Amino acid sequence: MLLKLSLIFIVFLLPLSCLATSATVYYSGGEYSFKEGVYDENGAARAKYDDTLDTVGWGRFVVQTNKDFDDNVQAHAAGLLEGALTHTRLFQHRHNIFDWFLHHYVPGGIWPAAVWNFLDTNLAYIRDNIKNNPTDDYWVVTGLVVSQFEGLTEGYQLMAPVTEQLTELDLWMYNTAGDLLDLATAVSPEMRPNFDEMTRDEIMAYTLFRDHCTGLVRLTEGYQDIYFAQDAWFTFGSMNRVFKHYDFNYQNDIIKAPSMTFSSYPGFLFSFDDHYTLSSGLCALETTNEIFNTTLYDLVVPQCVLEWVRVRIANYMADSGEQWTSIFEKENSGTYNNQWLILDYKQFTPGQKPNPGTLWALEQIPGFVQKADITDHLIEQGYMPSYNIPYFKDIFKISGYPSDDTFWSYEDCPRAKIIRRNASSVNTFEHMKNMMRYNNWEYDPLSQKDPGNAPASRYDLKPKGESRREAFGALDSKVTSYELAKNLMVEAISSPTYVQQPIFKFSTCPFIFEHVGLPDEYHFPWVKWDFNTETGELNDQILEYDD
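Per mature numbering (1 follows the signal peptide of the UniProt record, and there is no 0), the sequence shown runs over residues -20 to -1, 1 to 527.
Written out as C-alpha cells, the structure is:
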C-alpha cells in the first residue's frame, strides 16, 4: 500500500551550531504526517535532534516510539524523523566520506556499475525474503530494519532541497559504508590487489585505509568492574558525529533489546564504529580485519544480508553473547569483515569471577565465521584487545595474513605490545579513558617512531616524506562500565587524540580533502551521554578535557 505523507512544520531561524529541534510523526488511516516543533507521546514516534557538533563534537539524536502502533509503523516513523531532522548533516557527511572512498578505494574515482547492481539486487533479495517469510522471526526483525530505512528515505526526501535529493538506492549505499570497504573489491575482480607483486610498504599503505579501530575490554583487579571501549579510525573528514539513543516500544516479544545507545553519524541506522550499549545487558564492539586472500571475495554474492543490517538484527534479537553470534552469522555477506566482541553484563557481578558467557568473540570472512566464548581468556589475561588482526588462528590463516612479519602478528604487532604493557595497570574508569587516548609515538619505543602504531593513531603526524601520511586515524573514544551500561550510558570524546599531541585543525592541516560542515578545530571534551526519552531534554554532562 502506498502511504501518503503530509508535512506540518515550523521554521526555526537558529544558527546551525545551536539548532535544537523536536518533531513527532503521526500515523492515521495509512498516512504519516510529520510535525516539527512538538515532542508528543501520542504520535507513532517522537524525536529530538540537537546539532551540537560545533560545541561538543557530536550531535545528539533521541527517538522514542509508541507501543500502541504496529511495529513496522513504529520503525518507519522513527526512520522518518531521523531522515527529516538530520538531512543537512547527512548530505554533508555523504559528500565527505564518498569523496574519500572514491579517491582511496575506487580506481578511476567512480563507483563501478557492478556495485550499484549488487546493492539493487541485494535490497530486492532482502525485501523478497521479508515478504515470503512473514512468520520467520529472523525476517520479521529484518523487516523492522528495512522499515526504518524506508522511513529514513521518506524523511530525507521530504525535507532535503531539490539540489540535495537522493534516491532510495543512494541512501542504501550510504548506509552500506562499512560494507563498501570490501564490496567494490569483491564485485570488481580487476580492482583486487596482487599482494605477491607488492612491496611491504605498498601492502601497508593499501591495508591502512581498511584498518578501522582499536577495541579493549578490561576486567579490573578483584573483578571490580569490566570496562568496554573502542576508538573508531577513519578519515578525519568523517568527523560529522551523532550520538544516538533509540527507544522502540515494539509489541513483538522476540525483541530483546528495544533500546540502544550508540555512537554514529547522520542518517546511519547503525554505528559504523561500531560501539553499542543495549537494553538486553549486552554491549558490542568491532574492529576491522583485512582480506589478503582475495579469492575469498568470489564467495560474495548479493543474496545475503549486509553486515550493518545483521548487526541491527542481532542487537534486537539476542539475549546473550552466544545468541548474538549465532544470529549474526546467518546470511553472511562477506563484507565489512570484522572481529566482534560481545559483552554480557548480566553474567557479571562486581567483586565476583565472571560467569561463562560473559565475553564472546566472533570473526567473519567471506564464506566463514568463527566464534567462541572467551570469558576464560578474559579472566586469565585481565583484558581482551582488538586491533585489526584476527584472534582465531583459522581466520588468520584463511584470510592470508603474512605469517612472517611482526607488523601483522596478533601477539607482536605494536598495538599488541602497547596494550599488553599498559592494560594491566588500568583499574579506574579514568585510567581506561587515558588508555584509549594513548599515543606517545615520539618517545615510546613500542610505537617504533610511528604515530599510527598507537591505540589512538594519528597518521597525520607522520614526518613529511614518509608513506602513509594522511589525515587518518582515531576519531574518538567511547567507554562504558557496569554501572553506566545498566542505564545505557556511555562516556565519549570526539577528537583525534590531543594527549601529548597537537590539537587537530583543518586550517593548519597540510592535506587537501573534503570536510564540508565540520568545525575547524577538534578540541572537544568528554561527554557523559544520558538520554531522557520521556522529555527529550538534555541530561548529558560535559566533562573534562584531556589536556
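All C-beta atoms, glycine included, are put in the ideal place defined by N, C-alpha and C.
Fair warning: this is a prediction, and the values are worked out from it, not measured in the lab.
Taking DSSP's pairing of strands, which residues face residue i in a bridge?
i, result
"F255", "Looking at the sequence itself, residue 255 is His, so the reference to Phe does not match. BP columns for H255 point to L265."
"W91", "Bridge partners of W91: none, in fact."
"L431", "Checking the sequence shown, residue 431 turns out to be Pro, not Leu. According to DSSP, which records beta bridges pairwise, P431 is partnered with nothing at all."
"G123", "In the DSSP output, where bridge partners are listed per residue, G123 has none listed."
"R438", "G453"
"I522", "V507"
"F41", "Y29 and K224"
"T460", "F208"
"I473", "S457"
"A(-1)", "D30"
"E501", "K485"
"V5", "F14 and A25"
"T241", "H225 and T257"
"Q344", "V349"
With a threshold of 7 Å on Cβ separation, who are the neighbours of residue i within its own chain once the five nearest residues in sequence on each side are excluded?
i, result
"S300", "D324 and G337"
"R67", "One point to set straight first is that residue 67 is His, not Arg, in the sequence displayed. Closer than 7 Å at the Cβ level, and outside the excluded window around H67, lie Y136, M139 and A140."
"Y298", "As written in the sequence, residue 298 is Ala, which differs from the Tyr given in the question. For A298, where only same-chain residues beyond five positions count, the Cβ hits under 7 Å are K236, S260, L262, W304 and I307."
"A185", "S447 and R448"
"V496", "Q72, H75 and N76"
"Q332", "Y203"
"S251", "F242, S243 and S244"
"P499", "L33 and D34"
"Q327", "P334, N335, G337 and T338"
"Q231", "K47 and D51"
"G123", "N52 and I110"
"E148", "T133"
Can you give the Cα-Cα distance for residue i and residue j, rounded to whole angstroms?
i, j, result
"M469", "K508", "7 Å"
"N512", "A396", "38 Å"
"L199", "D205", "6 Å"
"S366", "T267", "6 Å"
"V281", "S313", "7 Å"
"D30", "I375", "42 Å"
"V121", "I293", "6 Å"
"Q481", "D159", "32 Å"
"Y316", "N113", "26 Å"
"E494", "V5", "34 Å"
"N519", "V42", "12 Å"
"A55", "D34", "29 Å"
"W91", "H84", "12 Å"
"E360", "G89", "48 Å"
"D227", "N420", "40 Å"
"N368", "F248", "23 Å"
"M153", "S8", "31 Å"
"Y439", "N269", "19 Å"
"L151", "F14", "20 Å"
"H255", "A264", "6 Å"
"D108", "C284", "12 Å"
"N46", "N229", "6 Å"
"A(-1)", "E501", "22 Å"
"D363", "P431", "Here residue 363 turns out to be Tyr, not Asp, going by the sequence shown. Taking the straight line joining both Cα atoms gives about 23 Å."
"H411", "Q521", "19 Å"
"A341", "F49", "36 Å"
"L258", "P238", "8 Å"
"G445", "N155", "35 Å"
"E309", "P490", "42 Å"
"T443", "E201", "At residue 443 the sequence reads Pro, which differs from the Thr that was named. Rounded to whole angstroms, P443 to E201 spans 39 Å at the Cα level."
"C393", "S404", "18 Å"
Under 8 Å Cβ to Cβ from residue i, same chain only, skipping five residues before and after it: list those, please.
i, result
"S218", "H73, N76, I77, W80, Y245 and L455"
"A436", "T194, D211, M416, R417, Y418, N419, G453, A454, S457, P476, T477 and V479"
"R401", "L426"
"P87", "M171"
Kindly list the residues whose CB is nearer than 6 Å to the CB of residue i, restricted to its own chain and excluding five residues on each side of it in sequence; keep chain order.
i, result
"V125", "V289 and R292"
"E343", "Q319, Q350, P370, F372 and I375"
"E144", "F71"
Closest Cβ-Cβ distance between residue i and chain B: below 8 Å?
i, result
"K333", "The chain labelled as chain B is not found in the depicted structure, where only one protein chain is given."
Complete alpha helix (DSSP H) runs within the region 274 to 342 (minimum length 4 residues, chain order): You should have 287 to 297 and 301 to 308.
My parser needs the beta strand (DSSP E) runs of 3 or more residues fully inside the region 144 to 218; what are they? Entirely contained in the region 144 to 218, the beta strand (DSSP E) runs reaching 3 residues are, in chain order, 194 to 199, 206 to 211 and 213 to 215.
Check whether the region 122 to 140 and the region 54 to 61 are in contact - that is, three or more C-beta pairs closer than 8 Å. Short answer: they touch.
Kindly provide the ranges of any beta strand (DSSP E) runs that are 3 or more residues long and lie completely inside the region 346 to 373, ordered along the chain. Restricted to the region 346 to 373, the beta strand (DSSP E) segments that are unbroken, complete and at least 3 residues in length are 348 to 353 and 363 to 366, listed in chain order.
If we count Cβ pairs, one from each stretch, closer than 8 Å, do we get three or more for the region 6 to 26 versus the region 88 to 100? No contact exists between the region 6 to 26 and the region 88 to 100.
Residue ranges of each beta strand (DSSP E) run of no fewer than 3 residues wholly in the region 59 to 91, ordered along the chain? For secondary structure counted as the beta strand (DSSP E) over 3 or more consecutive residues, the region 59 to 91 holds no complete run.
Are at least three pairs of beta-carbons, each pair with one atom in the region 275 to 289 and one in the region 164 to 172, less than 8 Å apart? When Cβ pairs closer than 8 Å are counted between the two stretches, the region 275 to 289 is seen to touch the region 164 to 172, the count reaching three or more.
If you pair each beta-carbon of the region 101 to 109 with each one of the region 173 to 182, do three or more pairs fall below 8 Å? When C-beta atoms of the region 101 to 109 are compared with those of the region 173 to 182, fewer than three pairs fall below 8 Å, so the two segments do not count as touching.
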